[in-house]
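Q: Sharing a structure below in structure tokens format, with a few things to ask.
In UniProt numbering, the protein residues as written are 1 to 422.
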């Protein structure tokens, strides 16, 4: 007697129809955790609009990987011979089986829900230039962390606010600025100069700096990708998706600030507590708004390719996912800020994700609220099933995380945080 075969899903199930629908494209939103279903024509039009900017992108006739491999090997041989790198580093910098980078965009639905602009991404992991970008990122990032305005993340920003500007002049303005399309706005010459200055102020040897500059020039000038059947090279800026891109952009902005912000005698006395997370800037302004607007216009007049947008308020302003509040006496406080398009996506504890992922997801929720000064008692977290074992419960619900100061061991048990919030 033959056993019956397991039933197969009926052809035409809704998820199959969605997956096979060529008239739409499904992408994660640029920010907020949403899933975006876009008309494929609108998505393609946005990519073509960006790639048609000949100041930033040019088409090339073929895959340049063989030529780039020769250039990389030539640099490796030079610095291997003079002892700047060893055999292990030489092997790391050479990728014998690279993939071809591809171009796509992430919809910025926080800018527009009907026709969102796209954030350009070059998926370049394991490409011919990827080892070079990783190598440079490891060298530049520690130097970036020593710059004046550096902000690592929201937690670091909160600690800086608490430490340096807990109280400000009552009539001061809370200001944020944003650089328009920073990654694609950095001219290669200015970015390379800024990175070189950063390296020269470190303890690296002359040959090591020369190596970094040679590798950086390759990463920038040979940055190519594929879209549909066409190869492109990026003429200006750096690719979001490259490992070195954040450090490179930070080096450029640090050089700009050192030259035009910290040393400008017309405005520097009015700018207090200037902090920056890559292209997002926060500071306190201590004189009337008309002078602030002049300062903003001055910054926008320095480089045509580098343009800033500005927002300011006397009482409240958002920066990253923080809402900064100022009372009538000038005392600052913070709260959690979410964009209207944020989805607050959470994992259900019975999902098929790894246990460690589920545990971290639930454990960090009250921590995040605590760090922003929120009220933990507004939340109700139920324990997952079968957590009667105290040892198992400790393993699942305790995590180490950084709170406002230092490292604080945080438990999901509500009594821990309520005693520190109420």
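Ideal Cβ placement from N, Cα and C applies to all residues, glycine included.
Looking at C-alpha atoms only, which residue of 295, 64, 252 is the closest neighbour of residue 192?
A: Translated into the one-based positions of the chain shown, residue 192 becomes position 192. Of the listed residues, the one whose Cα sits closest to residue 192 is 252.
Q: Roughly how many angstroms lie between the CA atoms of residue 114 and residue 100, to the nearest whole one?
A: Residue mapping note: residue 114 aligns to position 114 of the chain shown, counting from 1. Residue mapping note: residue 100 aligns to position 100 of the chain shown, counting from 1. The straight-line gap from Cα to Cα measures roughly 32 Å.
Q: Pick from 107, 227, 23: whose alpha carbon is nearest that of residue 33?
A: For the purposes of this step, residue 33 is taken as residue 33 along the chain shown, with counting starting at 1. With distances taken between Cα atoms, residue 33 lies closest to 107.
Q: For the 8 Å Cβ check, are there 3 or more pairs between the segment 44-62 and the segment 225-238?
A: yes
Q: Please go through the segment 20-54 and give each complete beta strand (DSSP E) segment of 3 or more residues, from N-terminal end onward.
A: 24-28, 35-39
Q: Taking just the CA atoms, how far does residue 157 sit from residue 151?
A: Along the chain shown, one-based indexing puts residue 151 at 151. Along the chain shown, one-based indexing puts residue 157 at 157. Their backbone Cα atoms lie some 6 Å apart in a straight line.
Q: When burial is assigned at 16 or more other CB atoms within 10 Å of the CB, is residue 17 buried or exposed?
A: Against the chain shown, residue 17 aligns to sequence position 17. Residue 17 comes out exposed.
Q: Just mark residue 431 as buried or exposed, buried being the case when its beta carbon has 16 or more other beta carbons within 10 Å.
A: The displayed coordinates of the chain run from 1 to 422. Any statement about residue 431 would go beyond what the structure contains.
Q: Can you look up residue 14 in the DSSP assignment and give me helix, strand or coil?
A: As a working note, residue 14 is residue 14 in the chain shown. Looking at residue 14 - three-state DSSP - the assignment turns out to be helix.
Q: Please check if any C-beta of chain C sits within less than 9 Å of the C-beta of residue 150.
A: In the structure shown, chain C cannot be found, because there is only a single protein chain.
Q: Helix, strand or coil for residue 58? Go by DSSP, reduced to three states.
A: Taking the chain shown and counting its residues from 1, one reaches residue 58 at position 58. In the structure shown, residue 58 sits in a strand (DSSP, three-state: E or B).
Q: State the beta-bridge partners of residue 333 as determined by DSSP.
A: The residue you call residue 333 lines up with position 333 of the chain shown. Answer is 325.
Q: So which of 30, 75, 169 has the shortest CA-CA distance to residue 112?
A: Position 112 of the chain shown holds residue 112. Nearest of 30, 75, 169 to residue 112, Cα basis: 30.
Q: Does DSSP put residue 374 in a helix, in a strand, or in coil?
A: Along the chain shown, read from residue 1 onward, the residue named residue 374 stands at position 374. Per-residue confidence for residue 374 stands at a pLDDT of 43, beneath the threshold of 50, marking its modelled position as unreliable; no derived number is given.
Q: With a threshold of 8 Å on Cβ separation, who are the neighbours of residue 316 within its own chain once the five nearest residues in sequence on each side are excluded?
A: For this step, residue 316 is matched to residue 316 along the chain shown. Cβ neighbours of residue 316 beyond the five flanking positions: 174, 323, 324, 325, 326.
Q: Output the boundary residues of the alpha helix (DSSP H) element that contains residue 191.
A: One-based indexing of the chain shown puts residue 191 at position 191. Residues 188-200.
Q: Tell me the rounded alpha-carbon separation between residue 416 and residue 170.
A: Counting from 1 along the chain shown, the entry for residue 416 is found at position 416. Counting from 1 along the chain shown, the entry for residue 170 is found at position 170. For residue 416, the predicted model reports a pLDDT of 30, less than 50, meaning its position is unreliable; a value from the coordinates is still stated below. Using only the alpha carbons, I get a separation of about 34 Å.
Q: Helix, strand or coil: which one does DSSP assign to residue 289?
A: As a first step, residue 289 must be located in the chain shown, where it is residue number 289. Residue 289 falls in the helix class under three-state DSSP.
Q: How do the segment 177-191 and the segment 331-342 stand: do at least 3 beta-carbon pairs fall below 8 Å, yes or no?
A: no
Q: Starting from residue 163, follow the alpha helix (DSSP H) in both directions and report where the run begins and ends.
A: The residue you call residue 163 lines up with position 163 of the chain shown. Run containing residue 163: 154-164, per the alpha helix (DSSP H) assignment.
Q: List the DSSP bridge partners of residue 236.
A: Indexing the chain shown from 1 puts residue 236 at position 236. None; residue 236 has no bridge partner.
Q: Give the DSSP bridge partners of residue 318, in chain order.
A: If you number the chain shown from 1, residue 318 lands on position 318. Beta-bridge pairing links residue 318 to 323.
Q: For the beta strand (DSSP E) containing residue 224, name the first residue and the last one.
A: On the chain shown, residue 224 is found 224 positions in, with the first residue counted as 1. Element bounds for residue 224: 224-227.
Q: Are the beta-carbon atoms belonging to residue 166 and residue 331 less than 9 Å from one another?
A: Position 166 of the chain shown, counted from the start, is the residue given in the question as residue 166. Position 331 of the chain shown, counted from the start, is the residue given in the question as residue 331. In contact: residue 166 and residue 331 (Cβ atoms closer than 9 Å).
Q: Leaving aside the five residues before and after residue 214 along the sequence, list all residues of the same chain whose C-beta is less than 7 Å from its C-beta, in chain order.
A: The residue labelled residue 214 in the question sits at position 214 within the chain shown. Answer for residue 214: 75, listed in chain order.
Q: Please check the pair residue 47 and residue 227, which I expect to be a contact at CB under 8 Å, by giving their CB distance rounded to whole angstroms.
A: As a working note, residue 47 is residue 47 in the chain shown. As a working note, residue 227 is residue 227 in the chain shown. Correct: roughly 7 Å between the Cβ atoms.
Q: Assess contact between the segment 200-211 and the segment 302-315, defined as three or more Cβ pairs (one per stretch) separated by less than 8 Å. Is contact present?
A: no
Q: Measure the C-alpha to C-alpha separation of residue 334 and residue 280 and round it to an integer number of angstroms.
A: Residue 334 sits at position 334 when you count from the first residue of the chain shown. Residue 280 sits at position 280 when you count from the first residue of the chain shown. Spanning the two alpha carbons is a distance of roughly 17 Å.
Q: Could you name the residues of the same chain whose beta carbon sits closer than 6 Å to that of residue 143, not counting the 5 residues immediately before and after it, in chain order?
A: By one-based count along the chain shown, residue 143 stands at place 143. 198, 202.
Q: Could you work out which residue in 216, 130, 128 is closest to residue 196 when comparing CA atoms only?
A: Looking up residue 196 in the chain shown gives position 196. Answer by Cα proximity: 216.
Q: Assuming residue 273 contacts residue 164 under a Cβ cut-off of 8 Å, what Cβ separation, rounded to an integer in Å, is found between them?
A: As a working note, residue 273 is residue 273 in the chain shown. As a working note, residue 164 is residue 164 in the chain shown. Residue 273 to residue 164, Cβ: 6 Å. Contact.
Q: CB-CB under 6 Å to residue 284, same chain, minus the five flanking residues each way: which ones, in chain order?
A: On the chain shown, residue 284 is found 284 positions in, with the first residue counted as 1. Excluding positions up to five away in sequence, the list reads 168, 172, 272, 273.
Q: Name the two residues that bound the continuous alpha helix (DSSP H) containing residue 219.
A: What you label residue 219 is simply residue 219 of the chain shown in a count that begins at 1. Note, residue 219: alpha helix (DSSP H), 206-221.
Q: Distance, Cα to Cα, residue 84 vs residue 92?
A: Within the chain shown, the letter at position 84 stands for residue 84. Within the chain shown, the letter at position 92 stands for residue 92. So the two alpha carbons sit approximately 14 Å from each other.
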